[in-house]
Structures are given as structure tokens and as C-alpha cells.
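In the working numbering, the protein residues as written are 73 to 490. Quick reminder that beta carbons are idealized off the backbone N, C-alpha and C, glycines included.
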Ligand SMILES: Cc1cc2nc3c(=O)[nH]c(=O)nc-3n(C[C@H](O)[C@H](O)[C@H](O)COP(=O)(O)OP(=O)(O)OC[C@H]3O[C@@H](n4cnc5c(N)ncnc54)[C@H](O)[C@@H]3O)c2cc1C
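What follows is the structure, encoded as C-alpha cells:
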């Protein structure tokens, strides 16, 4: 983490003085904002943590959940993502609580006794030394907690506005706050709320309503693939239980096995196969007993006796990509700037096997956030989608090359992380 940019700071350098919009920040969601982020997943939280460094930019983040994510979902943090955490100042703390992946074992059917699996390879996880940081396994909820802390301690003092469901939006042809967003409270009186924004970032996941409201769609795999995912404490004689493993059995079943933080827990992604049209989400009713029975069939001759299920889910996913990342229709590109962007799972989804979902989603959120921050702060012109963006020093503006008046209330320039 870099700090003491502007002289020695006494006290915790992670807590920056409140400045600009962070001084007397209203608790309630205002009627007008510069940037409205929809969704407090990895894409939305990193965008919030970055935009909160800009004391002149009013950013709010709405999330339908009533509070923080408590547990579950993705857990694989690629080494390059830990570099990103370093830029936000929490890499070392999260490394301390994570499980480090150093090697992967591959198990296949024994050619002589195909009903049994045997280890066929054990490979270093990162033979190319892609980063000085390790490949980690840590709960998505903890990643979100760290970004929430960065946003809270940033000059704009950003906190998520929980309990708001995004319903729809429309974009007007003129005016500053062109995007009119309709929200609904998810608790209490379920009242509707209208907020007008200069820009909206849709970080609302694979079933994104922001994407739907700008007429974009995900295209790609016809069918989803389903995985029974379980974080468990269990007894087993499987010898690689504390190593990441890709396990393939003779009848086509497979497991992706990942040891988890804390040295006792582990996660298994048990293959439930492709989900066909007409399934009507029936696969989601796959019972824990069935997932455990499948796991035992795949692991044969080893056995697994689950003692405690700490989290479980049936996760359905396919490889899909959006047809466009913003609200400008293809025939109007170059004639008007975008006002609505989609990021993360809202615009691309990946197989759980690849362990990419959370990683690439964070990069999306970070990328659009620093660009929007610079445009709204007047340090870069135009189109944060990248078509027209030009900072003083080219595509990526120099953080310290400021125009007069472009300082926060504390007299310090906004901080671009990274
Ligand atoms: C139930 C579940 C289980 C998963 N399990 C795994 C897994 O085991 N392994 C893996 O690699 N990946 C898993 N993923 C995928 C992984 O979590 C995502 O790839 C990653 O989190 C994408 O980040 P994101 O910020 O783009 O979207 P998400 O993490 O999906 O975040 C979207 C956020 O937007 C909120 N939201 C959605 N709609 C609205 C709305 N209308 N109004 C307001 N808020 C809204 C959601 O509550 C959520 O907090 C899982 C995802 C889900 C949803």
C-alpha cells in the first residue's frame, strides 16, 4: 500500500480524512447522484471503493440484500487479483486468513480398475511465477468486507444502501442527470423510489435487470452446467484432501476439490451435468444427500463422510458474453456518450471450474470506476467506455496532473488507487 503521498500522516493511514461529499454525507439515498452502482457483489464493491476516493463525486451503491453478504459464493482469488488487493491496501491481511493454493493434483480412473481413481499428476499451481502474490481461497463475503472497509475509510465515506431492489431505468436525451432509476425497498413498506443519476453501473449479477433495461442480452452456451457446491467438515481417507484436485471418474463424473481457509474446511464442486431446456430449475432441488452420494461414487475407492455442511448451493452457470457493454445502440456509437454500463456477471459468465467469475468481475468494476471518477472530476474528457477518453497523459490519465480547484475539501487531490 502506498501512503504518506502528501506528507507524513499520523495515525492509521488507511483511514483518510472525510472530504468533499464525505463531509456530512446524507444517510438517506439522495434524489440525485453522480454515479449509481447497482449491486454489492465484487464488481460493485470494488467500483464503490475506487469512486469513494473522489471527494467531488457523489456515488451511491444500492443492493437488494438487507445487509452484507454473510457467507458463500465464489472463493478462488487469482494471484493477479491479490495484486489488486495490494493496491487497495489489504493484500497482507487477506493472505493471512486465506488458504494458499500451491499445487494441483489430477486424479483419473485407474486403467486396470477403472472403478477406482488414481493420482496421475501433481503440478505446481503457478509454474510461470505470474505474480509475487499467491493464489488464494477465501470467502467472497470477506473480499466484500475488505472493499466495504476501504470505501468507508475513503474521503467520500461511502457505505452501501442496502434493501433497495433495482426495478428499471430510462435514459433521457439531455440534462445532467439523464438516467432515471426506479427502485423499490425490499423491506418495510416496499415503497418505490426514483433516483436520477449521471451514470449508472450495473453490477447486479448474471440475471441483471440493468442489462435487461438497456436491451442487452447474454449470448453463448445454450445450456447451463450444474454443480453441487458444498463447504464441509468431513472425515475421509482421500489422501489429497488438503490439496486442490481435479478428479475425473470412469463414468464421467467429476469433482473440483478445493481446501478452504482455516485448515479444516474444504469445498467440493460435484458435477451435476448439463441442465437441459425444460428443467425449470429442478436441478436446484438436488438434495445434499444426493450430492454426497455422487461425491462418494466419484472418489471410489476412497470415502467421504460429511459431518457438517457449512454452506451449500446448486450453482448453475454457462459461458456467456453480452452483445454490448453499455446503453449506446450500435448505430449511435460515436455520436453520444454512454450513461449506463454493465460489469461482471451482468455481462459475462464463466464455468465454476475456471475460478474466474469473481476475479474478472472485480477488474471490470475497477476499470469503469477509475475512468468515471476521472471524467466526473474533470480530469479526463468524454466517454468512460474508452472510445473518447483522453487524459492529459493519454488513455490513462496522470493522477497528480490536476487542474486548479480539483482538490477535495481537505486540500488533497483525489486518490486513484493503483
Ligand atoms: C448463489 C451463487 C453462487 C455462486 N457460487 C459460485 C461458486 O461456487 N463458484 C464460483 O466461482 N462462482 C460462484 N458464483 C459466481 C460468482 O459469485 C460471481 O462470478 C461473482 O460474484 C460475480 O460478481 P458480480 O459482482 O458481477 O455479481 P454478483 O456477485 O452476482 O453480485 C450481484 C449483486 O447484485 C445484487 N442484485 C442483483 N439484482 C439486483 C437488483 N435488481 N437490485 C439490487 N441489487 C441486485 C445481488 O444481490 C448481488 O449482491 C456464484 C454466484 C451466485 C449468485
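So does residue 281 have its beta carbon nearer than 8 Å to some heavy atom of ligand 1?
Remark: the C-beta of residue 281 is in contact range of ligand 1, defined as less than 8 Å to any heavy atom.
Could you tell me how far apart the beta carbons of residue 411 and residue 243 are, in whole angstroms, since I believe they sit closer than 8 Å?
The beta-carbon separation of residue 411 and residue 243, rounded to 5 Å, stays under the 8 Å limit for a contact.
For residue 131: DSSP bridge partner residues
107.
Any non-hydrogen atom of ligand 1 within 8 Å of residue 223 CB
Every heavy atom of ligand 1 is 8 Å or more from the Cβ of residue 223, so no.
Quick check on the burial criterion: 16 or more other C-beta atoms within 10 angstroms. Buried or exposed for residue 200?
Classification for residue 200: exposed.
At a cut of 8 Å, does the region 343-357 reach the region 92-106 through at least three beta carbon pairs?
Contact between the region 343-357 and the region 92-106 is absent, because fewer than three Cβ pairs lie under 8 Å.
Which whole-angstrom value describes the C-beta separation of residue 203 and residue 151, a residue pair presumed to lie in contact below a C-beta threshold of 8 Å?
That belief holds up - the Cβ atoms of residue 203 and residue 151 are roughly 4 Å apart, short of 8 Å.
Using only the alpha-carbon positions, how far apart do residue 482 and residue 129 sit?
Since pLDDT at residue 482 reaches only 45, below the 50 mark, its modelled position is unreliable, and the value read off the structure follows with that caveat. Rounded to whole angstroms, residue 482 to residue 129 spans 15 Å at the Cα level.
Could you tell me how far apart the beta carbons of residue 391 and residue 423 are, in whole angstroms, since I believe they sit closer than 8 Å?
With a Cβ gap of about 6 Å, residue 391 and residue 423 count as contacting.
Compare the beta carbon distance of residue 430 and residue 378 with 9 Å and say whether it is the shorter of the two.
No; because the gap between Cβ atoms is not below 9 Å, this pair is not in contact.
Looking at residue 167 and ligand 1, is the gap between the Cβ and the nearest heavy atom below 8 Å?
Checking every heavy atom of ligand 1 against the Cβ of residue 167, none is found closer than 8 Å.
Segments of 3+ residues assigned as beta strand (DSSP E) that fall wholly inside the region 292-371
Runs of beta strand (DSSP E) with 3 or more residues, each lying fully within the region 292-371, are found at 296-308, 316-320, 326-331 and 338-347, listed in chain order.
Hey, out of 86, 408 and 214, whose CA is closest to residue 144's CA?
Selected option, being the one with the closest Cα: 214.
Can you tell which of 120, 99, 357 and 434 has the C-alpha that lies nearest to the C-alpha of residue 298?
The shortest CA-to-CA distance from residue 298 to any of 120, 99, 357 and 434 is the one to 357.
By alpha-carbon positions, which one of 332, 321, 322 and 433 ends up nearest to residue 314?
Of the listed residues, the one whose Cα sits closest to residue 314 is 332.
Assigned secondary structure, residue 180 (DSSP; H/G/I helix, E/B strand, else coil)
Three-state DSSP puts residue 180 in a strand.
Any beta carbon of chain B sitting closer than 9 Å to that of residue 334?
Included in the structure is just one protein chain, with no chain B present.
With distances taken between CB atoms, is the gap from residue 116 to residue 239 smaller than 9 Å?
Against a cut-off of 9 Å, the Cβ pair of residue 239 and residue 116 comes out as no contact.
Tell me whether residue 34 sits in a helix, a strand or coil according to DSSP, three-state version.
Residue 34 falls outside the range modelled here, since the chain spans only 73 to 490, and no answer is possible.
Just to confirm, does residue 422 get its C-beta within under 8 Å of one of the non-hydrogen atoms of ligand 1?
Residue 422 Cβ: within cutoff of ligand 1.
Under 6 Å Cβ to Cβ from residue 376, same chain only, skipping five residues before and after it: list those, please.
Excluding sequence positions up to five before and after residue 376, its CB lies within less than 6 Å of the CB of 306, 308, 367 and 368, all in the same chain and listed in chain order.
Restricting to Cα atoms, I'd like to know which of 112, 419 and 95 is closest to residue 279.
Taking only the C-alpha atoms, the option nearest residue 279 is 419.
Per-residue burial, residue 276 [other beta carbons within 10 Å of its own, 16 or more giving buried]
Label assigned to residue 276: buried.
In the DSSP assignment, find the unbroken beta strand (DSSP E) run with residue 373 in it and report its ends.
Boundaries cannot be given for residue 373, as no beta strand (DSSP E) includes it and DSSP labels it neither H nor E.
Alpha carbon of residue 463 to alpha carbon of residue 439, nearest angstrom
Low per-residue confidence applies at residue 463: pLDDT is 38, beneath 50, and the placement is therefore not dependable enough to give any value.
Pop quiz: residue 396 and residue 257 are said to be a contact at Cβ under 8 Å. What is the actual Cβ separation, rounded to whole angstroms?
That belief does not hold up - the Cβ atoms of residue 396 and residue 257 are roughly 31 Å apart, past 8 Å.
Given a cut-off of 9 Å on the beta-carbon distance, is the pair residue 178 and residue 166 in contact?
The answer is no: Cβ separation not under 9 Å.
At which residues does the alpha helix (DSSP H) containing residue 171 begin and terminate?
Unbroken run through residue 171 is the beta strand (DSSP E), 171-173; no alpha helix (DSSP H).
Neighbourhood of residue 372 by C-beta, 8 Å cutoff - its chain only, sequence neighbours within 5 removed
Taken in chain order, the residues that qualify are 187, 188, 189 and 321.
Residue 209 bridges to which residues according to DSSP?
Per the DSSP secondary-structure output, residue 209 pairs in a beta bridge with 148 and 171.
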